[in-house]
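K.L.:
Structure below; questions to follow.
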Amino acid sequence: MGKPKDQPFEKIPQHIAIIMDGNGRWAKARLLPRMAGHRAGAERLRNIVRACTDLGVRYLTVYAFSTENWKRPADEVNGLMNIFMDFLDKETPELLKEGVQVRHIGSKKELSDALLAKLQACIETTKNNDRLIFTLAINYGGRDEIVHAVQEIVQQGLPADAITDKTISDHLYTAGMPDPDLVIRTSGELRISNFLIWQSAYSEWLFTKTYWPDFNKNKLKEAILDYGTRSRRFGGRTKKEEEEAYNG
Ligand code: FPP
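Under my numbering, think of the first position of the sequence shown as 1, with each following residue one higher.
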């Protein structure tokens with residue numbers, strides 16, 4: 001595994017998940033077609049993957065296309081699918097070189113054979129890398145994922161009282177991955193939008209007004225610094241709070 005190039009932080013989130021929002025508004029503000037915003041978004045993603053490897057983030061998961069995004073006009077949906085395929089074609093050699101392992105979460109059912117083939121090729125090519133696990137959520141929905149998990153559990157005939165949190169986690173698309181420590185949503189929207197709804201139960205959230213195509217390495221560093229100031233209690237109390245309570 002390669003060493004991170006710059007890691008000026010005391011506390012680095014092991015797993016960052018991002019809702020890449022605001023491509024459309026970024027384009028509109030520049031009197032450009034929406035697709036120009038998505039293309040700029042893809043370019044930005046390329047930079048943020050690189051930034052994560054530099055900074056020593058171990059997992060990056062990005063929301064590229066939700067189960068609800070099929071409601072968009074056909075030309076936008078097709079345009080996005082083409083951008084995903086271009087990205088996989090162009091970036092796979094670089095991802096391989098940089099030690100990035102690519103994974104996919106989401107339902108494969110509605111995805112085209114062409115996209116699935118490129119995804120599979122990239123996943124296969126990068127499968128032995130472990131510097132950064134980079135997961136693309138395409139045709140992903142948190143509720144769909146939980147329904148899928150429950151279906152698998154029922155099909156396996158597990159008795160009801162044997163089902164725990166871990167049983168559910170182990171049947172999600174993200175099985176085996178740590179939950180996100182930090183979830184970032186760009187563009188000023190304050191919603192979860194069906195992204196990692198089970199896994200983000202105790203994540204720290206950061207909402208920024210920056211549109212995704214303007215989100216850069218410096219903004220990522222700011223987000224990581226902000227994360228470093230958070231006190232994570234997972235429903236309990238910090239060690240310091242315990243001591244204070246004990247000392248009266
Ligand atoms: C939301 O912006 C963004 C999306 C639905 C697509 C995300 C896709 C990319 C960033 C392209 C690159 C991705 C890969 C995997 C190469 P929006 O269109 O909803 O923006 P708006 O809310 O301003 O209209």
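Idealized CB from N, CA, C, for every residue including glycine.
Just mark Y211 as buried or exposed, buried being the case when its beta carbon has 16 or more other beta carbons within 10 Å.
P.N.:
Residue 211 sits at position 211 when you count from the first residue of the sequence shown. By the neighbour-count rule (16 or more Cβ atoms within 10 Å), Y211 is buried.
K.L.:
Rounding to the nearest angstrom, what Cα-Cα distance links N47 and K217 in this structure?
P.N.:
Within the sequence shown, numbered from 1, the residue matching residue 47 stands at position 47. Within the sequence shown, numbered from 1, the residue matching residue 217 stands at position 217. C-alpha separation (whole angstroms): 7 Å.
K.L.:
According to DSSP, is I153 helix, strand or coil?
P.N.:
Counting from one through the sequence shown, the residue named residue 153 turns up at place 153. Helix at I153.
K.L.:
What are the start and end residues of the beta strand (DSSP E) that includes V57?
P.N.:
In the sequence shown, the residue the question calls residue 57 occupies position 57. Element bounds for V57: n/a, residue is neither H nor E.
K.L.:
According to DSSP, which residues form a beta bridge with V102?
P.N.:
The sequence position of residue 102 within the sequence shown is 102, counting from 1. Per DSSP, F134.
K.L.:
In the DSSP assignment, what residue or residues form a beta bridge with H15?
P.N.:
Against the sequence shown, residue 15 aligns to sequence position 15. Answer is Y59, bridged to H15.
K.L.:
Rounding to the nearest angstrom, what Cα-Cα distance links F234 and A74 in this structure?
P.N.:
As a first step, residue 234 is located in the sequence shown; it is residue number 234 there, counting from the start. As a first step, residue 74 is located in the sequence shown; it is residue number 74 there, counting from the start. The alpha-carbon atoms of F234 and A74 are separated by roughly 42 Å.
K.L.:
Consult DSSP for F65 and reduce its assignment to one of helix, strand or coil.
P.N.:
Locating residue 65 in the sequence shown gives position 65, where the first residue counts as 1. Looking at F65 - three-state DSSP - the assignment turns out to be strand.
K.L.:
If I'm right that V62 touches I18 with Cβ under 8 Å, what's the distance once you round it to whole angstroms?
P.N.:
For the purposes of this step, residue 62 is taken as the residue at position 62 of the sequence shown. For the purposes of this step, residue 18 is taken as the residue at position 18 of the sequence shown. Correct: roughly 5 Å between the Cβ atoms.
K.L.:
Could you please give me the residues that DSSP links to Y140 through a beta bridge?
P.N.:
Taking the first residue of the sequence shown as position 1, residue 140 is located at position 140. DSSP output for Y140 lists S66 as bridge partner(s).
K.L.:
Apply the 10 Å Cβ neighbour rule to T174 and answer buried if 16 or more other Cβ atoms are within range, or exposed otherwise.
P.N.:
Here residue 174 is taken as the residue at index 174 of the sequence shown, counted from 1. Its Cβ being crowded by 16 or more others within 10 Å, T174 is buried.
K.L.:
Where N78 and N139 are concerned, what is the direct C-alpha to C-alpha distance, given to the nearest angstrom?
P.N.:
For this step, residue 78 is matched to residue 78 along the sequence shown. For this step, residue 139 is matched to residue 139 along the sequence shown. About 13 Å.
K.L.:
Using only alpha-carbon positions, find the residue among C122, R34, E110, R185 that is nearest to R93.
P.N.:
By one-based count along the sequence shown, residue 93 stands at place 93. At residue 93 the sequence reads Pro, which differs from the Arg that was named. When only C-alpha atoms are compared, the closest one is C122.
K.L.:
Among L111, L55, K28, which one has its Cα closest to the Cα of K219?
P.N.:
For the purposes of this step, residue 219 is identified with residue 219 of the sequence shown, where counting begins at 1. Measuring from the Cα of K219, the nearest candidate turns out to be L55.
K.L.:
Go ahead and pull the three-state DSSP assignment for W198.
P.N.:
In the sequence shown, the residue the question calls residue 198 occupies position 198. If DSSP states are grouped into helix, strand and coil, W198 belongs with coil.
K.L.:
Report, in whole angstroms, the separation of the C-beta atoms of L115 and F84, which I expect to be a contact under 8 Å.
P.N.:
For the purposes of this step, residue 115 is identified with residue 115 of the sequence shown, where counting begins at 1. For the purposes of this step, residue 84 is identified with residue 84 of the sequence shown, where counting begins at 1. Indeed they touch by this definition, with Cβ atoms about 6 Å apart.
K.L.:
Give the range of the beta strand (DSSP E) segment to which L158 is assigned.
P.N.:
As a first step, residue 158 is located in the sequence shown; it is residue number 158 there, counting from the start. Neither: L158 is in no beta strand (DSSP E) and is coded neither H nor E.
K.L.:
Please classify E43: does DSSP put it in a helix, a strand, or coil?
P.N.:
Taking the sequence shown and counting its residues from 1, the one referred to as residue 43 is at position 43. It is helical.
K.L.:
Please go through the same chain and pick out, in chain order, the residues whose beta-carbon is closer than 8 Å to the beta-carbon of L225, but skip the five residues on each side of it.
P.N.:
Numbered from its first residue, the sequence shown carries residue 225 at position 225. Within the same chain, L225 has close Cβ partners F9.
K.L.:
Can you find the residues in the same chain that come closer than 7 Å, C-beta to C-beta, to A36, ignoring five residues on each side of it along the sequence?
P.N.:
Looking up residue 36 in the sequence shown gives position 36. So the list reads A27, once near-sequence residues are dropped.
K.L.:
State yes or no: is the C-beta of I105 within less than 8 Å of the C-beta of T135?
P.N.:
Numbered from its first residue, the sequence shown carries residue 105 at position 105. Numbered from its first residue, the sequence shown carries residue 135 at position 135. Taking 8 Å as the Cβ cut-off, I105 and T135 qualify as a contacting pair.
K.L.:
Could you tell me which of L88, C52, L32 sits nearest to I12, measuring between CA atoms?
P.N.:
The residue given as residue 12 occupies position 12 in the sequence shown. The shortest Cα separation from I12 among L88, C52, L32 belongs to C52.
K.L.:
Apply the 10 Å Cβ neighbour rule to D113 and answer buried if 16 or more other Cβ atoms are within range, or exposed otherwise.
P.N.:
As a first step, residue 113 must be located in the sequence shown, where it is residue number 113. Exposed.
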